[in-house]
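What follows is a single structure, written as structure tokens, with notes after it.
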Ligand code: ADP
Ligand code: UDP
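Numbering (our numbering), first residue to last: 10 to 248.
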């Protein structure tokens, strides 16, 4: 399958058409952004890591019965995926307080919740991805009631599977963002990516950050953290 016309260039990936109208190729870049694009940089080798990691995790989730867009890894940066109509919601699941949750509610980072939380943002760069609730999503016709229910159910199942997997790597899954889309027949499938760009991943013992927060917060050791988390995943996948 070859890359056709470039359909879109986003902050972290490029999207290409293929000869099959139902399939796309996503190409992962090393570009990194934060704070709604205000902070820009590159993380050497990130594209290769995020591509491989997202694919490995999506394959695992497929094994758990979760429909995903993943079809086949084409090269170290390129993956063939099913084209979906993206539901313009960023779905955020949290197990531990961090980031915008800690800031918004005035709590410290690192508080483990008794049950995971879920929240939605309207995926709209111009508006800065504002937080919204299910009623707002319905009012804006972003998804149907049934689709929102499916998205919530799938997101918590993804959390259970990812939390268990990362725990086996000595990593705590703090929070993450998912995007879903509609396949041709209307089925809701997990799309976009699951990577250190979209998840907070802390070493279980030391709580060292092994994700994009190192870039966002200018902590240094960004490339090393991405390599470390990928190494943990690969070691666990070999077992
Ligand atoms: P952004 O658009 O936020 O800058 P990216 O650089 O990651 O993000 O660009 C990838 C784009 O492709 C995103 O807008 C994402 O919603 C979209 N996308 C991801 N998976 C699929 C898919 N399977 N079908 C169609 N669009 C997808
Ligand atoms: N996240 C993401 N894309 C976004 C916003 C958030 O992938 O546009 C991820 C982020 O990496 C973290 C989780 O979603 O794992 C929760 O992010 P939070 O709401 O705390 O926002 P942030 O601290 O990034 O502003």
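Idealized CB from N, CA, C, for every residue including glycine.
Report task. Indicate whether residue 23 and residue 15 have their beta-carbon atoms separated by less than 7 Å. Result -> Taking the chain shown and counting its residues from 1, one reaches residue 23 at position 14. Taking the chain shown and counting its residues from 1, one reaches residue 15 at position 6. In this structure, residue 15 lies closer than 7 Å to residue 23 by Cβ.
Query - Assigned secondary structure, residue 107 (DSSP; H/G/I helix, E/B strand, else coil) - result: Your numbering for residue 107 matches position 98 in the chain shown. Note: residue 107 maps to coil in three-state DSSP.
Query - Contiguous alpha helix (DSSP H) assignments of at least 4 residues, all confined to the stretch 43-104 - result: 55-72
Requested in this report: Just the C-alpha distance for residue 229 and residue 146, rounded to the nearest angstrom, thanks.
Outcome: Along the chain shown, read from residue 1 onward, the residue named residue 229 stands at position 220. Along the chain shown, read from residue 1 onward, the residue named residue 146 stands at position 137. Each residue's alpha carbon lies about 38 Å from the other.
Requested in this report: Between the Cα of residue 115 and those of 163, 106 and 185, spot the shortest distance and give me the residue it belongs to.
Outcome: If you number the chain shown from 1, residue 115 lands on position 106. Out of 163, 106 and 185, 106 has the C-alpha closest to the C-alpha of residue 115.
Requested in this report: Sort 42, 124 and 178 by Cα distance to residue 241 and report the nearest one.
Outcome: Here residue 241 refers to the residue found at position 232 of the chain shown. It is 178 whose Cα lies nearest to the Cα of residue 241.
Query raised in the report: Which full runs of the beta strand (DSSP E) of 3+ residues lie inside the stretch 192-226, going along the chain?
Result: 197-200 and 208-212
Query - Beta carbon of residue 159 nearer than 7 Å to that of residue 197 - result: Sequence index remark: in the chain shown, residue 159 carries index 150 (1-based). Sequence index remark: in the chain shown, residue 197 carries index 188 (1-based). Yes, the pair counts as a contact, with Cβ atoms nearer than the cut-off.
Query raised in the report: Once you ignore the five residues that flank residue 192 on each side, which residues in its own chain have a CB closer than 7 Å to its CB?
Result: Counting from one through the chain shown, the residue named residue 192 turns up at place 183. So the qualifying residues of the chain are 91, 93 and 198.
Query - Simplified DSSP assignment, three categories, for residue 149 - result: Here residue 149 corresponds to residue number 140 of the chain shown, with the count starting at 1. Residue state, collapsed to three classes: coil.
Report task. Can you tell me which of the three DSSP states residue 159 falls into? Result -> The count along the chain shown starts at 1 and reaches residue 159 at position 150. DSSP places residue 159 in helix when its eight states are reduced to three.
Requested in this report: Could you check what DSSP says for residue 180 in three-state terms: helix, strand or coil?
Outcome: For this step, residue 180 is matched to residue 171 along the chain shown. Residue 180 falls in the strand class under three-state DSSP.
Query raised in the report: So does the stretch 160-171 actually touch the stretch 49-64, counting three or more Cβ pairs closer than 8 Å?
Result: no
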